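Here the structure comes first, spelled out in structure tokens, and everything after it is commentary.
2 protein chains.
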Amino acid sequence: MMIDPHTHSKPGPEIAPGNGPLYRQVKALFIGRMVDGQWPPGTRLPSEMELARDIDVSQGTVRKALDEMCQDNLVIRHQGRGTFVATHTAQRELYHFFHIIDAKGVRQLPAHSQLISVTRRRADKAETRNLDLTAGAHVVVIERIRHLGARPVISETIALPAARFPGLDQNADIPNEVYGFYEQHYGVTIHKAVERLRAVAATGDEAKALGLHAGAPLLEIDRLAKTLDDETVEWRVSRCDSRDHAYVAEHT
Amino acid sequence: MMIDPHTHSKPGPEIAPGNGPLYRQVKALFIGRMVDGQWPPGTRLPSEMELARDIDVSQGTVRKALDEMCQDNLVIRHQGRGTFVATHTAQRELYHFFHIIDAKGVRQLPAHSQLISVTRRRADKAETRNLDLTAGAHVVVIERIRHLGARPVISETIALPAARFPGLDQNADIPNEVYGFYEQHYGVTIHKAVERLRAVAATGDEAKALGLHAGAPLLEIDRLAKTLDDETVEWRVSRCDSRDHAYVAEHT
DNA sequence: GAGTGGTCTAGACCACAGA
DNA sequence: CTGTGGTCTAGACCACTCT
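Sequence lines, in order, name chains A and B. Per this note's numbering, numbering of the first sequence is gapless, rising by one per residue and ending at 259. Per this note's numbering, numbering of the second sequence is gapless, rising by one per residue and ending at 259.
Here it is in structure tokens:
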């Protein structure tokens, strides 16, 4: 796939020479197509052979790029059907972005959420810092109580950069799993998240909402979620009653 | 690598036909060699070519098996040097098994640990269940306080199946990072861990040891650690003062 | 320079999905 | 049946390490 500077094949090759391994350049090219909207979530990609012909590399190189993207949860591959840009299904939300399990060790998405408020206002200092905003920018703040089984267990505050979520206000119909909602209504695809966990004491309001006494220990999960191009687009703080639930993580 | 039942090449092929993909059979074979001690931690493996010749598959298939093992942190590969069975260095401990960061977001292993006690006794019910022991089996229980920066931050209780750790008692010189210690002195290699996190209230003893008041919220990390062959060999409960520290996790 | 893993290619066959 | 991704092979060349 070395590019001869004198012969232009067709639309011009889309990969610059001299960088890293070829398959990584191909991967970067493909990610670019996802970022700029050529390949939105759910799209079926051309076959490996077609892609290889188009960008003038071998099928094996395309395969190596796609295999890595599959591991990164960027695409999903099905033998016999094709390769698809990943979307936010309930399944993915459950296995990659929800880590609370019950006493039996069962992972289960919240049955329902009780929306407390949706507010549009100027970002405070912490929001500005966490969301990489410019001074004076606005945020949309969502507050809700999430239920697991029959009980309220999680008090959740979500801050979003208002510029990315036009029209999102208290009249919006916010579903339980918001990442699919972001993707479908605002073209915002969450790709990865970093979470920091602490133990904190419940405030009076939290205690009342979650049915325990003020000062009781709560598990606080502070999450920053990023898009494909590494922009932070959600800051979420979840405070969980962990008497009958726990946060689970695996490591190797 | 299909095995002709009538011609035996040399020592007899070591891979049964008819199972999954060939490269996974090769991977399983290699893992077997690590489990049974043929390839202890730190061993340099034969080259891809050599392995391919020995088990009568192509180099590409050996490569695919080793690449997967590299992703699983079972081996480490160095261009120009070779492929090595993974060992528990401080680096690995830090990046894969220690998830506490300070207020600045810096990940740092404890400066030192204050050993409280090492006890050898019959396992209680919880220990028997968590370590898959038979009734009446013994455990070694280690209690210590771990310091981060200048302050005591983590109160830690480690339960080990006594049968796997002969001679481990209060006279043992237990280092700060125990996984390298398990590996070198007892041939126990920790491969993966599952952690469950909760918020709990500090007991009086804990409060005194960590310099806070009884009932203060603590972050409890409950870890079960397993060997290559999926036996649980450590149950560890760490209770952390999370005022100035947090547990960090990344997800995609 | 010899030997290692890393990349790239080319071609074959298989397993699976869908018309 | 055709087309897809999944596996396996073979061979070439490159980048790196060590002697």
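Heads up, the beta-carbon is just placed ideally off N, CA and C, and yes, glycines get one too. Keep in mind that this is a model prediction, so the values were computed, not measured.
Residue i versus residue j - alpha carbon distance
i, j, result
"I83 of chain B", "G89 of chain B", "9 Å"
"Y189 of chain A", "I108 of chain A", "25 Å"
"A35 of chain B", "L204 of chain B", "32 Å"
"S16 of chain A", "S65 of chain B", "Confidence is the limiting factor: at S16 of chain A the pLDDT is only 37, short of 50, which leaves the residue's position unreliable and the question unanswerable from this model."
"H198 of chain B", "V185 of chain B", "13 Å"
"H119 of chain A", "T164 of chain A", "16 Å"
"D11 of chain B", "P28 of chain B", "Low confidence applies to D11 of chain B: its pLDDT is 35, below 50, so where it sits in the model is not reliable enough to give any reading."
"F37 of chain B", "H95 of chain B", "19 Å"
"R230 of chain A", "A209 of chain B", "25 Å"
"H13 of chain A", "Q45 of chain A", "The predicted position of H13 of chain A is uncertain, since its pLDDT is 33 and thus under 50; no value can be drawn from it."
"G67 of chain B", "Y30 of chain B", "9 Å"
"A133 of chain B", "T259 of chain A", "24 Å"
"K233 of chain A", "V148 of chain A", "17 Å"
"S245 of chain B", "H85 of chain A", "42 Å"
"G174 of chain B", "T126 of chain B", "12 Å"
"R70 of chain B", "N26 of chain B", "19 Å"
"G194 of chain B", "T141 of chain A", "55 Å"
"D176 of chain A", "G211 of chain A", "27 Å"
"A144 of chain A", "T135 of chain A", "8 Å"
"V146 of chain A", "D139 of chain A", "12 Å"
"L101 of chain A", "M76 of chain A", "20 Å"
"E150 of chain B", "E150 of chain A", "41 Å"
Burial state of residue i (16 or more Cβ within 10 Å)
i, result
"N137 of chain B", "buried"
"D131 of chain B", "exposed"
"S124 of chain B", "exposed"
"Q98 of chain A", "exposed"
"M56 of chain A", "exposed"
"P47 of chain B", "exposed"
"E227 of chain A", "buried"
"V42 of chain B", "exposed"
"A253 of chain A", "buried"
"D248 of chain A", "buried"
"S54 of chain B", "exposed"
"A200 of chain A", "buried"
"E257 of chain B", "exposed"
"R2 of chain B", "There is no way to answer for residue 2 of chain B, as the model of chain B reaches only from 8 to 259."
"A169 of chain A", "buried"
"R243 of chain B", "buried"
"T196 of chain A", "buried"
"A59 of chain A", "buried"
"A110 of chain B", "exposed"
"R51 of chain B", "exposed"
Element boundaries [beta strand (DSSP E), containing residue i]
i, result
"K71 of chain A", "Taken as a continuous stretch (DSSP letters only), K71 of chain A belongs to no beta strand (DSSP E), being part of the alpha helix (DSSP H) at Q66 to Q78."
"V255 of chain A", "H252 to H258"
"T126 of chain A", "H119 to R129"
"V82 of chain B", "V82 to H85"
"H145 of chain B", "H145 to L155"
"D198 of chain B", "Before going further, note that residue 198 of chain B is His rather than Asp in the sequence given. Where H198 of chain B is concerned, the enclosing beta strand (DSSP E) stretches over I197 to A208."
"I161 of chain A", "R158 to P168"
"R246 of chain A", "T239 to C247"
Among the options, nearest to residue i - alpha-carbon criterion
i, options, result
"G222 of chain B", "A:D212, A:S54, A:T234 and A:V207", "A:V207"
"H103 of chain A", "A:A110, A:K215 and A:Q78", "A:Q78"
"G39 of chain A", "A:A170, A:D236, A:E227 and A:A59", "A:D236"
"R128 of chain A", "A:P117, A:A166 and A:H106", "A:A166"
"C191 of chain B", "B:L81, B:F172, B:H154 and B:A232", "Rather than Cys, the amino acid found at residue 191 of chain B in this sequence is Gln. The residue with the shortest Cα to Cα distance from Q191 of chain B is B:F172."
"D251 of chain B", "B:D61, B:V113 and B:V147", "B:V113"
"A157 of chain A", "A:P117, A:N178, A:D212 and A:Y193", "A:P117"
"D74 of chain A", "A:V92, A:D63 and A:D61", "A:V92"
"Q121 of chain B", "B:A142, B:N183 and B:Q115", "B:N183"
"L81 of chain B", "B:D61, B:G49 and B:P224", "B:G49"
"K215 of chain A", "A:S162, A:T196, A:G194 and A:V255", "A:S162"
"E202 of chain B", "B:M76, B:V255 and B:T135", "B:V255"
"Q32 of chain A", "A:D63, A:V146 and A:A142", "A:D63"
"F105 of chain A", "A:G87, A:M76, A:K111 and A:L155", "A:L155"
"P224 of chain B", "B:D139, B:V160, B:D61 and B:G143", "B:V160"
Delimiting residues of the alpha helix (DSSP H) encompassing residue i
i, result
"H192 of chain A", "V185 to Y193"
"T135 of chain B", "K132 to N137"
"D61 of chain A", "E55 to I62"
"D212 of chain A", "G211 to L217"
"V113 of chain B", "No alpha helix (DSSP H) holds V113 of chain B; DSSP gives it neither H nor E."
"A142 of chain A", "Where A142 of chain A is concerned, there is no enclosing alpha helix (DSSP H), given that its DSSP letter is neither H nor E."
task = Determine contact between the segment 209 to 223 of chain A and the segment 230 to 246 of chain B, defined as no fewer than three beta-carbon pairs at a distance below 8 Å.
result = As far as the Cβ criterion goes, the segment 209 to 223 of chain A does not touch the segment 230 to 246 of chain B, which means the pair count is below three.
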